[in-house]
Structure formats: C-alpha cells, structure tokens
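Chains as they are written, first to last, in UniProt numbering: chain A, 1 to 391; chain B, 1 to 391; chain C, 1 to 391; chain D, 1 to 391. The C-beta atom is built at its ideal place from N, Cα and C for all residues, glycine as well. Structure first, commentary second.
There are 4 protein chains.
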Amino acid sequence: MTSPESATNRPLGVAMIGYAFMGKAHSNAWRNVASFFDVPAFEQKLLVGRDAAGVEAAAAKYGWAETATDWRSVMDRGDIDIVDICAPGWMHAEIAIAALQAGKHVLVEKPLANTLAEAEAMAAAAQAARAQGVQSMIGFNYRRVPALALARELIADGRVGTVRHIRAAYLQDWLADETAPMSWRLNKETAGSGALGDIASHAIDQVLFLLGDRVTEVSGRLHTFTTRRPGAAGMEDVTVDDAAWATLSLASGAIASVEVSRVATGRKNALSLEIYGDKGSLLFDLENLNELHFVDATAPAREQGFRRILVGEPEHPYLEAWWPQGHIIGWEHTFTHEIRDFLTAISTGTPPSPSFEDGLEVQRILNAIEESAAAKSSTILLARTTASEGA
Amino acid sequence: MTSPESATNRPLGVAMIGYAFMGKAHSNAWRNVASFFDVPAFEQKLLVGRDAAGVEAAAAKYGWAETATDWRSVMDRGDIDIVDICAPGWMHAEIAIAALQAGKHVLVEKPLANTLAEAEAMAAAAQAARAQGVQSMIGFNYRRVPALALARELIADGRVGTVRHIRAAYLQDWLADETAPMSWRLNKETAGSGALGDIASHAIDQVLFLLGDRVTEVSGRLHTFTTRRPGAAGMEDVTVDDAAWATLSLASGAIASVEVSRVATGRKNALSLEIYGDKGSLLFDLENLNELHFVDATAPAREQGFRRILVGEPEHPYLEAWWPQGHIIGWEHTFTHEIRDFLTAISTGTPPSPSFEDGLEVQRILNAIEESAAAKSSTILLARTTASEGA
Amino acid sequence: MTSPESATNRPLGVAMIGYAFMGKAHSNAWRNVASFFDVPAFEQKLLVGRDAAGVEAAAAKYGWAETATDWRSVMDRGDIDIVDICAPGWMHAEIAIAALQAGKHVLVEKPLANTLAEAEAMAAAAQAARAQGVQSMIGFNYRRVPALALARELIADGRVGTVRHIRAAYLQDWLADETAPMSWRLNKETAGSGALGDIASHAIDQVLFLLGDRVTEVSGRLHTFTTRRPGAAGMEDVTVDDAAWATLSLASGAIASVEVSRVATGRKNALSLEIYGDKGSLLFDLENLNELHFVDATAPAREQGFRRILVGEPEHPYLEAWWPQGHIIGWEHTFTHEIRDFLTAISTGTPPSPSFEDGLEVQRILNAIEESAAAKSSTILLARTTASEGA
Amino acid sequence: MTSPESATNRPLGVAMIGYAFMGKAHSNAWRNVASFFDVPAFEQKLLVGRDAAGVEAAAAKYGWAETATDWRSVMDRGDIDIVDICAPGWMHAEIAIAALQAGKHVLVEKPLANTLAEAEAMAAAAQAARAQGVQSMIGFNYRRVPALALARELIADGRVGTVRHIRAAYLQDWLADETAPMSWRLNKETAGSGALGDIASHAIDQVLFLLGDRVTEVSGRLHTFTTRRPGAAGMEDVTVDDAAWATLSLASGAIASVEVSRVATGRKNALSLEIYGDKGSLLFDLENLNELHFVDATAPAREQGFRRILVGEPEHPYLEAWWPQGHIIGWEHTFTHEIRDFLTAISTGTPPSPSFEDGLEVQRILNAIEESAAAKSSTILLARTTASEGA
C-alpha cells in the first residue's frame, strides 16, 4: 500500500480509467487545471482501457504519458497516487474499493454505483480510507458551476431567506425520436436506470448541495414512452425510464419537485433550478450556465425583479482564474474546478466534498423514488377503456 | 320563463352579479367587445350586488344602466337574457341553476363551484337547459389567450406530433410574506381550497384544452407553509394549501405535471406551460402572454430552435380585430374574447366551450388530487427526528 | 368662443376628428378611462369624418353619440370643450389652430405637423391659447407606458447617475417585402417623411422625455432600400426613407444614437431604449412593454445584473388603477393614460405635457437630421465601381 | 531562411511572443487544439517575453518547453516554424515582418498595427511571403465563434435573402467608473485609439466577414466621457475615445451601424450583431455566444419568430469535436478554432483567412472613421450656452 503522506516531493501520479465521454472531459480538466489554478504538482501518468490500440490513441490525444489495459495493474504501482474512475457504473465499486485499499485517492464519476449494495460498500471503504488520510470524492460536477456555487453562497448568506420550495428539472431530447437505436444505456442490467440515475441524480444532488439539507420522504413516478427500439438483433425492449417525476420532502420543511426527461423535444441540456425563499429567489439553467438570476424581495417593490447576474466577475467563485468579465466559460470547466478542489483537498488533507457518502445519499433517494413509483399509489379517475372512448 | 329564441330583435339584455376583481374584468369585456368584434347587439342592463351604494358606484364606473341588490330579482325580468356570475364560488350553484331554469344564458366564473356535489348539480342543470336552447359556459378565460388558442391549433394540426409530456405551473408570490393577513381566501369553508382551486384549475384546464384529452389518474400533494396568519381577532389558522403538486395521466398516454404556488417569490402571474411532442414543442408564460415559443423538430437540425412567435398577426386567433402587428394586448382581453365567443355561440345556437361539464371535469380532477394528497403515500427515507438532527 | 373655465358643472364635451387606426385607439381610451381613473366627467359627443356612412358606423362601434362630416362645424358648438385630432398630419395645423382659437382644448396626434412652418404656427397658437386657460397636448403616447414613466422617475431619482449615452432604435418590418404596395405613407407630399417622422419621432421624444434634456447637434442619414413599388397606376416612386440613422448631442453632454427602420425583418414594433449612466442603466423594448430592465452599479459586484422589473405593482406609475400584479396591460392603454393626464390637466388648469412646443422641438430635430443627411458628409473609402468589383 | 515545405516530418515548432491576456488565451488554444481536432503535429517550443523570471513562470504554467527574452533570437532558429505574436500592437509590424522574412508562418493578434503605414508594410510583407508558401493570419477570433460561422453560412445560403442593414454594437463597462485609473490603453501614443481600435475593429470585421462585402463610405463620431483619470503622477489626460459611433456603406448597397463603448454600465462583453435581410434576419450576442437567433420570413406568418438556435449540434461549425448537444463551450475556444484553422491552412498550403490584407482593410475603415469624426460635420441646433440654460 502506497502512502501519499510519506511521498517525497515528487509530483502526484494520476491514473485515469476509461476514456469515453467522461474520460475526454476529465482529461481536459487534468490537462488544463494547472494553467489556471495553483494546485499541487501532478503528472498525467497513466490511461487505462481494455482496448490496447484505442487506449493508446486516446492517451496521445488527451495527454497521458503511458497506457495499460488492466485496471488491476494500477493498484500495485507506487508512482500512482490518484485514481480517476471514468469507467461504466457497474465497474465503479470494484475499482474504487481496490484503489482505496491500495491507498490511492479516488475520484469516481457519478452515479456512485448501479446498486445500493455496491454504493454502501464504497461508502464504507471511503470511510475506512479517510481514517488513513486517503481521500475520495464523487464527481457531481455541477457543484462546480460557478453560478451554482454562487447560488449556494447566496442561500447560505440568507439572501433568499427560508427556502420554501424548489423546482428542479433536467430536460434533454436525445430519445425524442422513437427510431433512435437501442443501447446499453436503455437496458436496466447495464445502466441501472434511465433518466432517473443519469440526470435526476444531478438535480437531486443540487437540491442537497444548495440547501445543505436532507431528504426525508419521496413520492415518484417513472415512465417509458418508447418501449421498444431497434437493436442489433431487431426490436428490443427498453427496460429503463425515459422520464421521471418526484416530490421530495426536506428536513428543513422545504419541498422539492424534480422532473427529468430524455424526450423533451427542443431541450438539449436543460438542468433548470428554481429556488423560492421568503426573502428572495434564484433561477438557473445549464444551457446558459454563466448566468444566475436572483430576485431580492427585500428591495423596494418598485425596483424588484429577477436580475441576470453574468457570473464572470473576480468576486464570483472560481472566476478570478479565468478571463475578463463577460468572457464566458464552457461546460467542461465544471470538471476543471472539480479537479482543482480535489487536488487542493489532497494537499491540505481535508476530505473533499461531495463524498462517497453524499453519493450514497443520492442513490438512496433514487431508490426510494423507484420504490414509490412501483407502489403506484395514484387515484384513479377513469377506467382506461372509458378514457380512451372519451378521448 | 323567457325564451331567447323567441326574442324579438331587441338587443340581448345582460345582468352581471358581483363587481369585485372579476366583475371589473368582465365589465371591461362587455364594454369593449362590440368595438372590436361583430357580435349580436346587447345591452349592459343590470349590475347586482348586496351593497346598494357600492353597486351603484360600480355600475356608473363600469357602464351598467341599472342596479339591484338581490340576485333573485333578475330571474323574473323578461328583459334579461344573459346572466354573468362573478359572485364568490359558494354562490355559483344556486344562482346559476336558478338562472338556467329561468331560461337565461349563463356565464359563470371559475371554479364552477366549491363542492363536487354543487358542480354536478350545475352540470345537470346546464344539460337540461341546453336541450331548451339555453346556453352556459364556464369562464376559463385563458382558453382565449391568443397564444394558447394558437398552441391548440398547432397541436391539432400535428405540428408537435404526439404529445409525450406537459410541464405546467402557475406561480405567484402574494402569500410569500408570512405576515400577509388572513382572508376568506385562506379559509377552506369559504374558499374550498387554496392555490389548488384558484390557479391549478387554470393549469389543468389548459392541459385538457390544449390536448383535447381526458385525465385517467392523478397523484398529488398539498402543502401550507404558513399555517397561521394575523386575522381580525388575532392569529388564525390557514386551512387551505399555499402550494400543490400533481402528476396527471392522460387517456392518450401523455403525462402532465402540475405545480402551483402562491409563495414563489418573484413570480407574479406565471402560468407556464411546456408541451413536449415527438415532432415539436411549445412554451408559454402568462407574464408574456403575447408570445408563444415553438420548436419544429422536423426542420434541419442546423436551424432548429425555439422560435418566439409574437402573437400579433392577423393570421393569429382573435388578432385581426386588434392593432397592427407587434402592438401587444393585455391580460384583460382574455375576457373580451370570452364574451365574444359566448355571444357568438348564443346567436348561432351552438353550445359554447368550455361547458359546465368541462368545469365539472376539472373539479373532479382537483378533488382527486386532494384525495391523493390526503392518502399520503410517499416513501419514508428518514424519520423526522433523525432528519432534523442530520440537517 | 367657449370658455371651459366658465362652464357650468356639465360634463366636458369631446369631439374626435378622424377614425382610422389612431381614431380607433383614442376612442378606446375615451371609452375606458373613467372606468379605471378618477377623471372629470366628460361625454363622447361627436365623431367627425368626411364619409357620412363611414363615420356613422365608426361612431356606433366606438361609442360616439353623434357624427359630423365637416370638422369646421365643431368650432361653433358650445357643447364641445375638447377636440381630439386623429386626422392625417397635413390637416393638423389648420384644425388645431382653429380649435384653439375657438377656445377648445386640443389633443393632437404626433407628428405635430408635416412642415416646420406649420408646427411653429401651432406652437404659437398653443402659447396664446394657454394664456387664456385653453390647454393643448401632443400625443407622444409612449410617455405613458408605465415602464417608461418609471424609467424617467428612476433617472430623475439619480438611480442611474449621470447618463453618458443612449441607444435608441425603433424597428418594424412591414415594408421588408419589396412587393408591398405604394401608399400615401410612402409619398413625401402626403407623409412628410418615412420612418423618420413616423417612428424616429417617438424615439427622439423618449430621449428628451427620459432625460429632460435638449438636443444641441445632430448628424444623420436616410436611406430608401426599395425605391419603386406597385401603385394603382403601375410602379411608382417611393419618395420617403425606409430607414434612418442619427447621433444626437445633448446639452447635458450625453450622446444618443437613433436607428429606425421599416424593413427590419422579424421586428414588429420594437422601440428599444438603452440608457447608460455612470451608476446604472436601463433597458426597454416596446414588444414587452410591461417590463423595464435596470442594473444598479452601486450594488455589490457579486450581485449585479440587469433585473427584469415586471411593471405591474401598485407602486408603479398608472398601475394602481389596473389589475393585480403580473396581469399585463396592452399597448392601447398608453392612450388611456394620455387621456387621463390630459383630462386631469384640464380640470386642474395645469398645462399638460408634452406641449405643442415639445412637438415642435422634435420636429426641429427631425428637420436637422434631414438637412444633415442631405449634406452627405461621409468619408469615401472606395469608388463605387471599385467596390463592386471587389465584392 | 527555414523552409517549412522542405521540413522533414518533425512536428511544427511554435514560438509565442507575449504572455499577458492574449498570451494566456492563445496558449490555452495551442495546449488543447490537438485533443479535439485533427491537426498537423506541432510542439509548444518557445515562449518569449522581456522579463526572464516572468516568462519562465508563464511557460511552466501554460505549457511551453523553453523561454527567451529577445524576440529577435527566434528568427534564426531552424526549429521554429510558426510565430504567434501576442505582443502589444506597436510591436506587431517589426516582429511580423521579421518573422515572415525569416520564413516563419505568422499569426498576429488584432489590431494588425497601431498605424496605417505599419499595417500596409505588414500586408506587403505577407503578400511577398505568401508567394513563398509562408502563411500569415490576423487573429479576428470571433470569426471562429460557431454561431457566427453558422450565421455566415446561413447568409451565404440565402436564408436571409438580400441583407439591407446591420446593427452592430460592442458594449463593455470597465471604464464606466470615472475613478478607474489611467493606463497605456487610454493613451493614444501607446494604444492607437480607444474603443474604436479595440472593439469596433471586431464589430467591423464581423460585418465584412458575415456579408463577404466591402465598405465604400463611412461617417463616424468619437467621444471621451472621462477626459482625465488618476495616473502614477496625479491626474493624466485620457487621449483616446471611450465610445464611437459610425455608419458604413457597403458595396452591396447594405448599410451598417456600429456603436461601441467601454462605459455601457451593465454590459460586460456584449458584441451584438443584428442582420436584417429581405427573407430573414439573424441576431447574436457574445455574452451568450452559444446561441444564434434566426427568423425565416418565408415561413407562414402564423409560425414566424426569432428562433434561438443553441449552436451545439454536430451539424454546426466546429461542434462535432466537442461535447454532446447543449453542453456549451466557452469564449476561449474561438482561439482553439483559430489555431486549428491556421494549422490546417499551413498543412494544406491554403492561405488562411482573415489575411493581413483583411486586417489592413479594417484598419483603413477605422482610420476613415477617425477622419470623419475629426471633420465634425454635424448640424447645429442650439448654441451650447443656450442649450445649457435650457436644460
């Protein structure tokens, strides 16, 4: 077991596992973080992927020095201090636990795992490792959108007063076309769930992050609009949800509604958050992620209104490192900020946030929504046949 | 019983009952409709209210020729052909049924009634009267917002394809201040319900109107954030909801979410509707009621995007009567259009829409939401005490 | 000569001359003003138009008691106290001067007149009449948009500090189609000028109104993109401008740019104003006339941003009379407010604003823009032929 | 003289001169371009700056292998094929001409030079070098905003028809505070001009780029609102413009207005472009650079409206390389795209665009605006003293 604490002053060695969409995004962050932020020295040492040719091409493109095809080989290497897991969800638990036990700091993409049991095991491993000074973090990258970090600050400062309710949605449309093909993402075995795990997880994490609150009760619903799609071998069953709806009760007394969809035609990546407090409110939309809208209800009525804050001032979270005001940053820098905070946490020995436990919390909420949806406790107004006749 | 059919060619005589907010709005519509639309001749004959001085002042201000203090006196008058009921909800049933039985055409403000039993009696009375050529209509005035009438046309024309889901909200903030006083609107006895009956009714009617669909199942939740407010005699209990959430299953297979609130700080009159179909989508917000946003997903991907249609062209519903393009109209003309359609229906003998039966349908849905909310079938994650400690 | 001051307590008698677009809009204001505002008693006595059948139909539709076909007949009538001139611009001077000399209060639509000489004569007549207690006003109705009245208040209160520059535009597109027909509006003889007099006049009046300032120098340019259009007798020459550009120097040191066009495809009625001060700024667009955007640059940088004020609170100019917050009003009520202020001025004996002198001031500025445009003092970069080759 | 053509297959060697704001932005582009685009192999070999310690720190941070303190030393190095000039404008001519003569491909930041004479010499040098296969390019990076590249495509495809007029503005507010300090940017000696050269240059380049047109005549105005600012040695004279206004005649017959300001409070980086054609129009704002608004005036009137195209589809320029739809990119990638196109041009031997001649063209237009402004040909309405009294 390597011990980062005892490491000499050599740069931290980083290994990344997986090089698809998330691997590309994380690599970008590793490649650029030190050009904008003061972070401890590190090296992009090793990229791991099953296909030797593929991983070599990716390493060349994304800036990794070496490659490997078996993630297990990483665990024995004394020159690797950090493991960044961008592999599919069903592999998270095994890799993360092994890495933590080998004394590596671990960053893992969301969702924490595909099953609650795995997530619990991971949280336990993280807790044990933390006692040894080994850090871990789950990649809810939207916590590092500057506008959302600012939103959290404004809420914590009391600028919206007591939050009454939150209206959260995450709307996309890449499955709106019913002829879009079957994929592993649409199969419960491989994906765990559909829009719920993929994007409701982000929306729910934001609720927890922004309010620093906990969920006490949930009520939910899932729906699949297109139940069969063309696969490699003809039409196949889609076994995950296209859309989900939930209401969450929070310990503070606030209520959150969550609505997510992959068939919301015209919405491309619309994580929208509306936070209504008794002294003010906040609005956010990921498609315009450099903006936060804020109304201060303590201002004179004559001058009240949602103000569009272009989050690009040195006074805003993370922004001092970037460009002059009004020169907007892109989606990918949520990861740059995440890596920055992760590296800072490692160097200061402060456990980073969000923790695996935070990831487990989200997982439990998602699970409860699935249970609630399965219980199907709605009030029936019309028998289906009657309704169809009526329509 | 008067018989409008047998009426000579004299103008239709109109009586209006009630002269508060809705009375002011309806009066404005009666006063102006003939200046913009070709409607059968009518006269603003009679305004009815309990306070003699008050009703006389209102009649002078709003353009009514005479006044009366007892609505029952209207029923015997042979020169009154139309009764427009703007009295409080608990009076609707008695007045409307009496008027219909007296052979008067009846327009009644929403909600149809405070109880389901009353609403059912009203629908039965309307059906009986209709067989005699006596017309009736419920005032879901937002069906007459030109942008929403256009939305319905576009949906009917197939421009959004099959609707998958609808996201409806009606957000206001006039109760955000917890020191705002108690009123009859916050008492279940007098108001029936809170945000649910007052504004969710509009949102739900729009779902039915836009899709021409029926609701088969509902699941809902109600919440009161401020449970006691200062009244005439000290602090009093608020017995209606401040906010409500529901999901509705539609006979077509579509799903609608509905969220309403009177404590959504910064939202003044935000009825927002988002309709997601497989070929396109529509967005609307009542605070910008002259606009409809439409995305056509059959256009080349390179050129797709929500287009802001400024609904002010002669080609748009109701608009030929008004001003040149881009000269926006106000909220009050939803009533002008409503009266126009009501008068046209009377003159052509075509039953107007929405009918009392449509109003009853909405009432049933609201009732089902209350039942579902009372059943409280959520999944419990944390015991309250644990949660509070954790928070 | 009638003397309004000595009038008994009978209602003021109003005559309106002209019943086209502006006549329809003014009638609407007269018909409704007393239902919303406390104004002195008046009667819509007389509508004047050259075509007997046409004016009778209009009077019936718009609420005028009598009709006449010769405007001169109005001058002798002792029961007419107010003349509202909605006739074409070339008739303004003759009618207005006659009416003022007959002791009638006069409201005249903008532009004041088609020529500077006429405008000067009108201003002189207004001044003379004013000394006799006879009031006059020019109908720059956008001074009565509540959001713009609020803008003026905020500027006067110092909320934007010293204004440095203003960016004003009025963009429409009803002439974008080059096959749109010739009309009197496109002929210099009848219309005076094109976009300049029609819509730049509004933009310039707003600059003067908002800042309470005067123009010292102008530089301008006019252009006609479609120089021939189909008329009754084949193709005819368009002799007015389609678009105009100007910069104005103000006595305060501020600078205003003005850009107007009738060929700005997609812009329907977009009077947009941007006022930049050293402590704040304001934005307005007539297509969303219930909104004013305001940034307060003295707020902490972290919280700054243009706030969208939905101008619908009782605290806002004119709004207490209307509907609850967030229930927007339409374009036509700029006239309702104008009539209200005009009637109030008459009853209190205070000269109303904007005066004929204010109208003359705008006329002088428009004239100076035409002169500057004719002087054509630009710097030549390329000979036309060279340029065309290069392109 | 090195000859890139004869270079062996070794990667292209890049030297960058200057490491302030633009150096940081260009470095970012060099560091990342190969991770997203297929470009010829290159190396970030050398960073040049006058301060040895400063340049070393910058090189380490931004990814450059070596450093140098004298830009002249670059010219003799056979391993340097490309020189990227991010030094101040007054140094551009000398460095660029030397580099071109040494056979290096040259990318130079805008503006091309501080004087017209220098710009002309640079264009001549570029022309001579081009004949030798040595490429050059000026960094009008906004040509590489995907939304603006799309706008150009749509215009070229005829989607807006014949362009009648363009409304261009570039508004910032970093000088709105009159106590902001004096700097080299506010001194004509060092900066050439103020807002004109700095940001009007971008706006004018866009007009030329989007339309593929040339300017034939200009009329302009410059103004300095704050004429003295606190410097190192007390109050100093500001000798450049804070704001500028111009109208441009284009060879095609179109007219463009340009307005730029550094004192437009609340505007942070608002390059806004409005292109009005007879078949459609386009709107763009750099503060939301992932969006393009387009109205198609050939669509049915009922469905027309500006559509917000979220420029993030694989069908859009440059976007296939980036993230899934709706995941927005930042301002800095205008440079990434610029470097990509520059490298591609070098590898294919096609002269890149915009050329030094394009930069010279913009410079000539800026010069003509200054001349026109100096000629001061406005029409005087009021003597200043009169005006002040009147105000």
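Give me whichever residues DSSP pairs with residue i in a beta bridge.
i               : result
Q44 of chain D  : D:V14
F284 of chain A : A:L273
H223 of chain B : B:A243
H337 of chain D : Answer by DSSP bridge pairing: none, since H337 of chain D is not bridged.
I155 of chain D : According to DSSP, which records beta bridges pairwise, I155 of chain D is partnered with nothing at all.
M137 of chain D : D:L107
E259 of chain D : D:A169 and D:W245
I82 of chain C  : C:V14 and C:H105
V215 of chain A : A:L250
R229 of chain B : B:E236
V163 of chain C : C:G277
With H, G and I counted as helix, E and B as strand and the rest as coil, what does DSSP make of residue i?
i               : result
A373 of chain C : helix
S249 of chain C : strand
G234 of chain D : strand
F294 of chain B : strand
Y19 of chain B  : coil
E189 of chain C : helix
S347 of chain C : helix
I380 of chain D : strand
N9 of chain D   : coil
S3 of chain A   : Note that S3 of chain A scores 47 on pLDDT, short of 50, meaning its location in the model is unreliable and no value can be drawn from it.
F37 of chain A  : coil
I309 of chain B : strand
E66 of chain D  : strand
E178 of chain D : coil
Let me make sure I understand the geometry here. Which of the options has the alpha-carbon closest to that of residue i?
i               : options                           : result
T162 of chain C : C:D296, C:P317 and C:E338         : C:D296
G103 of chain B : B:Q132, B:A124, B:E120 and B:G280 : B:Q132
T227 of chain D : D:A254, D:L186, D:A368 and D:E320 : D:L186
N367 of chain C : C:L46, C:Q44, C:A200 and C:S252   : C:A200
T379 of chain B : A:R221, A:L271, A:G231 and A:L273 : A:R221
W245 of chain B : A:N32, A:H165 and A:L360          : A:H165
V74 of chain C  : C:Y62, C:I97 and C:T336           : C:I97
G139 of chain C : C:G49, C:E332, C:E370 and C:A375  : C:E332
S183 of chain B : B:Y170, B:E371 and B:R229         : B:R229
D198 of chain C : C:A149, C:A113, C:R152 and C:V207 : C:A113
Taking residue i and residue j to be in contact with their CB atoms under 8 Å, please state how far apart those CB atoms are, rounded to whole angstroms.
i                      : j               : result
residue 396 of chain A : N290 of chain A : Because chain A in this structure spans residues 1 to 391, residue 396 of chain A falls outside the shown range and cannot be described.
L248 of chain D        : I365 of chain D : 7 Å
Q325 of chain A        : P111 of chain A : Their Cβ separation, rounded to whole angstroms, is 36 Å, which puts Q325 of chain A and P111 of chain A out of contact at 8 Å.
residue 393 of chain B : R31 of chain B  : Missing from the structure shown is residue 393 of chain B; chain B here goes from 1 to 391 and no further.
E259 of chain D        : A270 of chain D : That pair is no contact at about 11 Å.
A195 of chain B        : A243 of chain B : 6 Å
request  = May I have a chain-ordered list of the beta strand (DSSP E) segments no shorter than 3 residues that lie completely inside the segment 84–128 of chain B?
outcome  = List check, beta strand (DSSP E) in window: 105–109.
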